[in-house]
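Student:
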Ligand code: AR6
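Residue numbers (the working numbering): 102 to 272.
Here it is as structure tokens:
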């Protein structure tokens, strides 16, 4: 296995060029706000059409939390969008292994596709409420621990604080 390089970018993930762009989706696969909304808006209707087809076939009950599935990237500068569903953070106790699973399963799908560059957002850190610092640690640790043929994992962080917290994990 070749070494995977982890890189960081601050910005909008829908502006990235990569083999695969990961979407922080929900189980319905039918869109939402945040990264999900932005990906469907910029990627166009082809992505939603494939998501609907997945719901009509393999994922009748939706995509379970921690799993991942690929569609076309539509008009994005990528070949695929890999949709994954992060866990909702709960103050009473949340399962970090489900968040780790999102990164691991997305990389597994990327390997199946032959993707060499994969861009990830900070899954679960928006609407799903995961504290950025812990989410950054889980993201970086999981990618480091995953055997993959992906050459570059790029974390695309929306704001300065998220970027700084991911940078700290890479140090
Ligand atoms: N590029 C990169 N990062 C972004 C972008 C963007 N264009 N937009 C937001 N972020 P979220 P979640 C950051 O809420 O927490 C959706 O409605 C954002 O600042 O997109 O996994 C889905 O349909 C945050 O740090 O995803 C689900 O219902 C991070 O991306 C639900 O939200 C993730 O925020 C999923 O919630």
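We treat Cβ as the ideally placed atom computed from N, Cα and C, and that holds for glycine.
Since the model is a prediction, treat every value here as computed from it, not as a measurement.
If you reduce the DSSP assignment to three classes, tell me which class residue 171 lands in.
Tutor: The answer is strand: DSSP assigns residue 171 an E or B state.
Student: Under the DSSP definition of a beta bridge, which residues are partnered with residue 281?
Tutor: Outside the displayed range of the chain (102 to 272) lies residue 281, so it cannot be described from this structure.
Student: Is it true that the region 219-226 meets the region 244-263, where meeting means three or more beta-carbon pairs spaced less than 8 Å apart?
Tutor: Cβ pair count under 8 Å is three or more, so yes.
Student: Am I right that residue 191 and residue 237 are in contact with their C-beta atoms under 8 Å? What's the rounded C-beta distance?
Tutor: Not quite, the Cβ-Cβ distance comes to about 19 Å (not below 8 Å), so this is no contact.
Student: At a cut-off of 7 Å, would you count residue 229 as near the ligand AR6, judging by its Cβ distance to the nearest heavy atom?
Tutor: Correct: residue 229 has its Cβ closer than 7 Å to the ligand AR6.
Student: What are the boundary residues of the beta strand (DSSP E) that includes residue 182?
Tutor: Note, residue 182: beta strand (DSSP E), 181-186.
Student: With C-beta atoms as the reference, is residue 179 less than 8 Å away from residue 118?
Tutor: Result yes, Cβ atoms of residue 179 and residue 118 sit closer than 8 Å.
Student: If you check the beta carbons only, do residue 177 and residue 126 fall under 8 Å apart?
Tutor: Going by C-beta atoms, residue 177 is not nearer than 8 Å to residue 126.
Student: Using the Cα positions of residue 186 and residue 265, report the straight-line distance between them to the nearest angstrom.
Tutor: Cα to Cα, the separation comes out at about 24 Å.
Student: How far does the beta strand (DSSP E) with residue 268 in it extend, from its first residue to its last?
Tutor: Not the beta strand (DSSP E): residue 268 falls in the alpha helix (DSSP H), residues 261-271.
Student: Among 259, 256, 262, 245, whose alpha-carbon lies nearest the alpha-carbon of residue 103?
Tutor: With distances taken between Cα atoms, residue 103 lies closest to 245.
Student: Mind checking who residue 217 pairs with in its DSSP beta bridge?
Tutor: Beta-bridge pairing links residue 217 to no other residue.
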